[in-house]
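Asker:
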DNA sequence: GTCATTTCTTACCAATTGACAAGTTGCTTC
DNA sequence: GAAGCAACTTGTCAATTGGTAAGAAATGAC
């Protein structure tokens, strides 16, 4: 297993990470390489979530509303750590599916193993916290745009920050992610492109 | 300083917390008692956020949109840990104000001191993580209702889960928290109460 | 107490969004 | 190629929400 990309990712996340041989080895040991084909699930509803450092690919998280319709809760681009927080950290069955929109590559571990590294490699704890904080902050941002931006503004923002998504995800999924119907998104797109 | 309520809160959060004299003392040492009068700020925009274990009271977090209008991002009831995550954990100036809606009581600490406890009292790290995860999960839930619930459903949900808020917060602030205008909330309330 | 200010409600109209249905396009399967 | 299916767009109408203004109610200053 070539662990260099994994360690690079960790170093990029926390510049303070020290590379003593011991810790480096222990850290790498706890991860396994994982590849997902398009359409494969990283997390399934009802099952526990793992912890996936994704270096290539795109993922979509979704759940179902009372009417049984899919609600897309998140899109994950590459170079993000992907996990369903309640399931992973609270040991609950996941309430979300996370599915590969493209072929995905990265490094995978479980809660038990991650805790093992936290215990054995103190510097690594900072990584765990930084990741949790980063994802939390991203979610706060998302909530904020839901409360104070119009559908069109949210669409424009998504195009700016995550244009690739439109290449891989279906518009109906982008619509539910933006909190509107696919019909509405279609209209928004027409008006937006006429500007 | 009577640290019993503080330690009870920690124990309630993580039942595994061991009460060895040493760690107990060190933990308590890092907190100071804090009381806020109604209208006082816990966090101010531009300043760093602290970490407040609030045992009594209600707080409101808010920011401003491009038009300079207040947007309420969160209401904190008692028995929650209150902090602005990006500011506290990433050392950034806060982009939110957090203000007391009522008299508030609890225990306060800074990032440096909290890290000190994490270092000195390993069991306490679990508390820090549990708190972070809990707040993250709460925010995810909030985002989900913004995407797949109507304003009236969100209103009904807030009444059910947080009825007290209506006693302490202004309706215009509740409106922006729900992502609607105060005019709209007024209508929703009329229609809701006529059912 | 009065006055002034803010908060909340209501009314009116405009803009946005949703629900439903029909039509187009593209893809898969046979 | 034809048939079937899913994704996307468009149109129509209804429901929801926003913007503005006016008035009622509550609050605070004096």
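Residue numbers (the working numbering), protein chains in the order written: chain L, 90 to 284; chain A, 90 to 284.
Just so you know, even glycine gets a beta-carbon here, dropped at the ideal spot from N, CA and C.
(1) Can you tell me whether DSSP reads residue 189 of chain L as helix, strand or coil?
(2) Leaving aside the five residues before and after residue 124 of chain A along the sequence, list all residues of the same chain whose C-beta is less than 6 Å from its C-beta, in chain order.
(3) Take residue 207 of chain A and list the residues in its own chain whose beta-carbon comes closer than 8 Å to its own, dropping the five residues that flank it on each side.
(4) Kindly list the residues whose CB is nearer than 8 Å to the CB of residue 180 of chain A, restricted to its own chain and excluding five residues on each side of it in sequence; keep chain order.
(5) With 16 other CB atoms within 10 Å as the buried threshold, where does residue 280 of chain L fall?
(6) Quick check: is any heavy atom of the ligand FAD less than 7 Å from the C-beta of residue 252 of chain L?
(7) Would you kindly report the start and end of the unbroken alpha helix (DSSP H) that includes residue 257 of chain A?
(8) For my contact list, residue 147 of chain L and residue 130 of chain L are in at a C-beta cut-off of 8 Å; report their separation, rounded to the angstrom.
(9) Should the stretch 90-99 of chain A be regarded as contacting the stretch 251-264 of chain A, the criterion being three or more beta carbon pairs within less than 8 Å?
(10) Using a Cβ cut-off of 7 Å, pull out every chain L residue sitting near residue 136 of chain A, in sequence order please.
(11) The stretch 161-193 of chain L: which residues have C-beta closer than 7 Å to a C-beta of chain A, in chain order?
(12) Report the rounded CA-to-CA distance for residue 101 of chain L versus residue 249 of chain A, giving the unit in angstroms.
(13) Examine chain A for any beta-carbon lying closer than 8 Å to the beta-carbon of residue 221 of chain L, and answer yes or no.
(14) Beta-carbon of residue 236 of chain A versus every beta-carbon of chain L: anything under 8 Å?
(15) Report the residue from L:159, L:182 and L:191 whose alpha carbon sits nearest the alpha carbon of residue 127 of chain L.
(16) Whole angstroms are fine: how far does the CA of residue 226 of chain A sit from the CA of residue 198 of chain L?
(17) Put residue 150 of chain L into one of helix, strand or coil per three-state DSSP.
(18) Runs of 4 residues minimum, wholly inside the stretch 202-279 of chain A: which ones carry the alpha helix (DSSP H) assignment?
(19) Please check if any C-beta of chain A sits within less than 8 Å of the C-beta of residue 52 of chain L.
(20) Using three-state DSSP, classify residue 121 of chain L as helix, strand or coil.
(21) Determine, for residue 251 of chain L, whether the minimum Cβ-Cβ distance to residues of chain A falls below 8 Å.
(22) Would you list, in chain order, the members of the stretch 256-267 of chain A that have their beta-carbon closer than 9 Å to a beta-carbon of chain L?
(23) Quick one: give me the first and last residue of the beta strand (DSSP E) that residue 142 of chain L is part of.
(24) Hey, would you say residue 235 of chain A sits closer than 8 Å to residue 143 of chain L, going by beta carbons?
(25) Can you tell me the Cα-Cα spacing of residue 270 of chain L and residue 186 of chain L, whole angstroms?
(26) In or out: residue 239 of chain L buried (at least 16 other Cβ within 10 Å) or exposed?
(27) Between residue 120 of chain A and residue 196 of chain A, is the Cβ-Cβ spacing less than 8 Å?
(28) From what residue to what residue does the beta strand (DSSP E) around residue 156 of chain A run?
(29) If you count every other CB in all the chains shown that lies within 10 Å of the CB of residue 155 of chain A, and 16 or more means buried, which is it?
Answerer: Reading off the structure:
(1) Residue numbering aside, residue 189 of chain L sits at position 100 when the first chain is read from its first letter. Three-state result, residue 189 of chain L: strand.
(2) In the second chain, the residue the question calls residue 124 of chain A occupies position 35. Closer than 6 Å at Cβ, skipping near neighbours: 194.
(3) Taking the second chain and counting its residues from 1, the one referred to as residue 207 of chain A is at position 118. Correct list, in chain order: 213, 214 and 217.
(4) As a first step, residue 180 of chain A must be located in the second chain, where it is residue number 91. The residues are 137 and 200.
(5) Residue numbering aside, residue 280 of chain L sits at position 191 when the first chain is read from its first letter. Exposed: under 16 other Cβ atoms inside 10 Å.
(6) Because no ligand of any kind appears in the structure shown, any question about the ligand FAD cannot be addressed here.
(7) Here residue 257 of chain A is taken as the residue at index 168 of the second chain, counted from 1. Start and end: 254-257.
(8) Along the first chain, read from residue 1 onward, the residue named residue 147 of chain L stands at position 58. Along the first chain, read from residue 1 onward, the residue named residue 130 of chain L stands at position 41. Going by Cβ atoms, the distance from residue 147 of chain L to residue 130 of chain L rounds to 14 Å, so no, they are not a contact pair.
(9) no
(10) On the second chain, residue 136 of chain A is found 47 positions in, with the first residue counted as 1. Here the premise fails: no neighbours, minimum Cβ distance about 18 Å.
(11) 162, 174, 175, 178 and 179
(12) Reading the first chain from its first residue, position 12 is the one you call residue 101 of chain L. Reading the second chain from its first residue, position 160 is the one you call residue 249 of chain A. So the alpha carbons of these two residues sit roughly 44 Å apart.
(13) Counting from one through the first chain, the residue named residue 221 of chain L turns up at place 132. It does: the Cβ of residue 221 of chain L has a partner Cβ on chain A nearer than 8 Å.
(14) Numbered from 1 along the second chain, position 147 holds the residue referred to as residue 236 of chain A. Closer than 8 Å to some Cβ of chain L, the Cβ of residue 236 of chain A qualifies, so yes.
(15) Numbered from its first residue, the first chain carries residue 127 of chain L at position 38. Residue L:191 is the option with its Cα nearest to residue 127 of chain L.
(16) Translated into positions along the first chain, residue 198 of chain L becomes position 109. Translated into positions along the second chain, residue 226 of chain A becomes position 137. Distance between the alpha carbons of residue 198 of chain L and residue 226 of chain A is about 21 Å.
(17) Residue 150 of chain L sits at position 61 when you count from the first residue of the first chain. Of the three classes helix, strand and coil, the one that applies to residue 150 of chain L here is strand, per DSSP.
(18) 211-237, 240-251, 254-257 and 260-267
(19) The first residue shown for chain L is 90 and the last is 284, placing residue 52 of chain L beyond what the model contains.
(20) In the first chain, the residue the question calls residue 121 of chain L occupies position 32. The answer is strand: DSSP assigns residue 121 of chain L an E or B state.
(21) As a first step, residue 251 of chain L is located in the first chain; it is residue number 162 there, counting from the start. Not an interface residue.
(22) 265, 266 and 267
(23) Walking along the first chain from the start, residue 142 of chain L turns up at place 53. It spans 140-145 - the beta strand (DSSP E) in which residue 142 of chain L sits, taken as one unbroken run.
(24) Numbered from 1 along the second chain, position 146 holds the residue referred to as residue 235 of chain A. Numbered from 1 along the first chain, position 54 holds the residue referred to as residue 143 of chain L. Their beta carbons are not under 8 Å apart, which means residue 235 of chain A does not touch residue 143 of chain L by this criterion.
(25) Looking up residue 270 of chain L in the first chain gives position 181. Looking up residue 186 of chain L in the first chain gives position 97. Going from the Cα of residue 270 of chain L to the Cα of residue 186 of chain L covers about 20 Å.
(26) As a first step, residue 239 of chain L is located in the first chain; it is residue number 150 there, counting from the start. Flag for residue 239 of chain L reads exposed.
(27) As a position in the second chain, residue 120 of chain A is number 31, starting the count at 1. As a position in the second chain, residue 196 of chain A is number 107, starting the count at 1. A contact, by the Cβ cut-off of 8 Å.
(28) Residue mapping note: residue 156 of chain A aligns to position 67 of the second chain, counting from 1. Counting along the chain, residue 156 of chain A falls outside any beta strand (DSSP E), and DSSP gives it neither H nor E.
(29) As a working mapping, residue 155 of chain A is identified with position 66 in the second chain. It is exposed - the Cβ of residue 155 of chain A has fewer than 16 other Cβ atoms within 10 Å.
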